[in-house]
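A.B. asks: In numbering that gives the first Met the number 0, the protein residues as written are 0 to 248. Glycine included, each C-beta is placed from N, C-alpha and C at the ideal position. Sharing a structure below in structure tokens format, with a few things to ask.
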Amino acid sequence: MGSVVRWTIGAAAILLVASAAYFAYDFGMLRFNNPPLSRYPIQGIDVSHHQGDIDWKTVAAQPNVRFAIVKATEGGDHRDSKFAENWQRAGDAGLVRGAYHFFTFCRPGRDQAQNVLATVPKTPGTLPVAVDLEFVGNCNKVLTVEEMAREVNAFVTELKGTFPEKPIFYVTQEFFDQYLKGNKARFPEHYLWLRSVFNEPTQDACSRWSIWQFADNGTVDGIQGAVDLNALCPSETGFTHLFPAVAAN
């Protein structure tokens, strides 16, 4: 009986610690990465309607928020309900802006590009269009490498007339391993926005990735609740070297 009691107490203690760790992580009290501004001088956020009403002037006043990438569209017909407001107010606050599209595996790439073109204004001095490529939150369809490359190429080709800059591909490690790894030549030329919330990815003069999403549970004054935190590659002290279309900020 004593061993059973000890096992029960031990299991309860482990569960309690795990629950506390989850709570701390979910509310931004625990973070695996915290890159300092001394090493990563240009940091920023990405947002969508999930962040609700944002006080952009307060956000922009913080030294660790130099840019904001705003969700614009998803699939072939969905538009983020906060995009127009966030786009305008982030720009008014003086932040470098970018728009991103969540790419669904269940709609043709060309249709999705048309959704972007109908939603995102062509504004001077902004980041290239970003494309969110991941499994989480996507449909259940699993594309082959050939199918994925075809649809992503169709998406980028359709954008080129209005947005000629090479796009930014936001990828999780799972997507990168399944589709991009070893197949780079099949996909359009792109900048890489890498999600890595547990480890700091290796980097050498911006050759591996351009933007690193280092947390999805960040806290920023002016935003209620959690927000994604990002950093430009560590050798960058300005935007124009990496993204020539962006005016110096």
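Let me make sure I understand the geometry here. Which of Asp131, Trp86, Lys70 has the alpha-carbon closest to that of Leu191?
C.D. replies: Comparing Cα positions, the closest option is Asp131.
A.B. asks: Give a yes or no on whether the C-beta atoms belonging to Ile210 and Asn229 are separated by under 7 Å.
C.D. replies: Yes, the pair counts as a contact, with Cβ atoms nearer than the cut-off.
A.B. asks: If you draw a straight line from the alpha carbon of Gly237 to that of Glu145, how long is it in whole angstroms?
C.D. replies: Going from the Cα of Gly237 to the Cα of Glu145 covers about 36 Å.
A.B. asks: What's the gap between the Cα of Ser234 and the Cα of Pro62?
C.D. replies: Looking at the two C-alpha atoms, the distance is approximately 17 Å.
A.B. asks: Evaluate contact between the segment 79-95 and the segment 105-114, counting only Cβ atoms and requiring at least three cross-stretch pairs below 8 Å.
C.D. replies: Too few Cβ pairs lie closer than 8 Å, so no.
A.B. asks: In its own chain, which residues sit with a C-beta less than 6 Å from the C-beta of Ser47, not counting the 5 before and 5 after it?
C.D. replies: Closer than 6 Å at Cβ, skipping near neighbours: Lys70, Asp79.
A.B. asks: Taking DSSP as the reference, what is the three-state secondary structure of Arg185?
C.D. replies: Helix.
A.B. asks: Can a CB atom of chain D be found closer than 7 Å to the CB of Ala92?
C.D. replies: Judged by its chain identifiers, the structure shown contains no chain D, having just a single protein chain.
A.B. asks: Among residues of its own chain, excluding the 5 on either side of Trp55, which ones have a beta-carbon nearer than 6 Å to its beta-carbon?
C.D. replies: Within the same chain, Trp55 has close Cβ partners Arg88, Ala89, Ala92.
A.B. asks: If you reduce the DSSP assignment to three classes, tell me which class Asn137 lands in.
C.D. replies: In the structure shown, Asn137 sits in coil (DSSP, three-state: anything other than H, G, I, E or B).
A.B. asks: What whole-angstrom Cβ distance do Leu142 and Leu116 have, given they're in contact under 8 Å?
C.D. replies: Actually they are not in contact, since the Cβ atoms of Leu142 and Leu116 sit about 23 Å apart, beyond 8 Å.
A.B. asks: Leaving out five residues on either side along the sequence, give the residues of the same chain with a beta carbon under 6 Å from the beta carbon of Glu150.
C.D. replies: Cβ neighbours of Glu150 beyond the five flanking positions: Gly108.
A.B. asks: Tell me Asp220's beta-bridge partners as DSSP assigns them.
C.D. replies: None; Asp220 has no bridge partner.
A.B. asks: Just how far apart, CA to CA, sit Cys232 and Gly224?
C.D. replies: If you take the alpha carbons of Cys232 and Gly224, they lie about 26 Å apart.
A.B. asks: Under a Cβ-count criterion, where at least 16 other Cβ atoms within 10 Å of its own Cβ denotes burial, should Asp227 be classed as buried or exposed?
C.D. replies: With 16 or more other Cβ atoms within 10 Å, it is buried.
A.B. asks: Leaving out five residues before and five after Asn32 in sequence, what residues of the same chain have Cβ atoms less than 8 Å from its Cβ?
C.D. replies: Ser195, Val196, Phe197, Asn198, Glu199, Phe213, Ala214, listed in sequence order.
A.B. asks: Roughly how many whole angstroms lie between the Cα atoms of Gly181 and Thr57?
C.D. replies: Roughly 43 Å between the two C-alpha positions.
A.B. asks: I need the boundaries of the alpha helix (DSSP H) containing Phe154, first residue and last residue.
C.D. replies: It spans 144-158 - the alpha helix (DSSP H) in which Phe154 sits, taken as one unbroken run.
A.B. asks: Within the same chain, show all residues whose beta-carbon is closer than 6 Å to that of Thr72, passing over the 5 residues directly before and after it, in chain order.
C.D. replies: The answer, listed in chain order, is Arg78, His100, Asn114, Val115, Thr118.
A.B. asks: Rounded to the nearest angstrom, what separates Tyr39 and Arg65 at their Cα positions?
C.D. replies: Rounded to the nearest angstrom, the two C-alpha atoms are 11 Å apart.
A.B. asks: For the beta strand (DSSP E) containing Gly90, list its first residue and its last residue.
C.D. replies: Segment 82-91 is the alpha helix (DSSP H) holding Gly90; no beta strand (DSSP E) there.
A.B. asks: Would you report the Cα separation of Asn137 and Thr103, rounded to the nearest angstrom?
C.D. replies: So the alpha carbons of these two residues sit roughly 6 Å apart.
A.B. asks: Per DSSP, His100 forms a beta bridge with which residues?
C.D. replies: Looking at the DSSP assignment, His100 forms a beta bridge with Thr72, Val130.
A.B. asks: Please say whether Gly124 and Val245 have beta carbons closer to each other than 7 Å?
C.D. replies: Yes. Within cutoff.
A.B. asks: Rounded to whole angstroms, how far is the Cβ of Ala67 from the Cβ of Ile44, which I believe are closer than 8 Å?
C.D. replies: Indeed they touch by this definition, with Cβ atoms about 5 Å apart.
A.B. asks: In its own chain, which residues sit with a C-beta less than 8 Å from the C-beta of Leu36, not counting the 5 before and 5 after it?
C.D. replies: Correct list, in chain order: Gln42, Pro62, Asn63.
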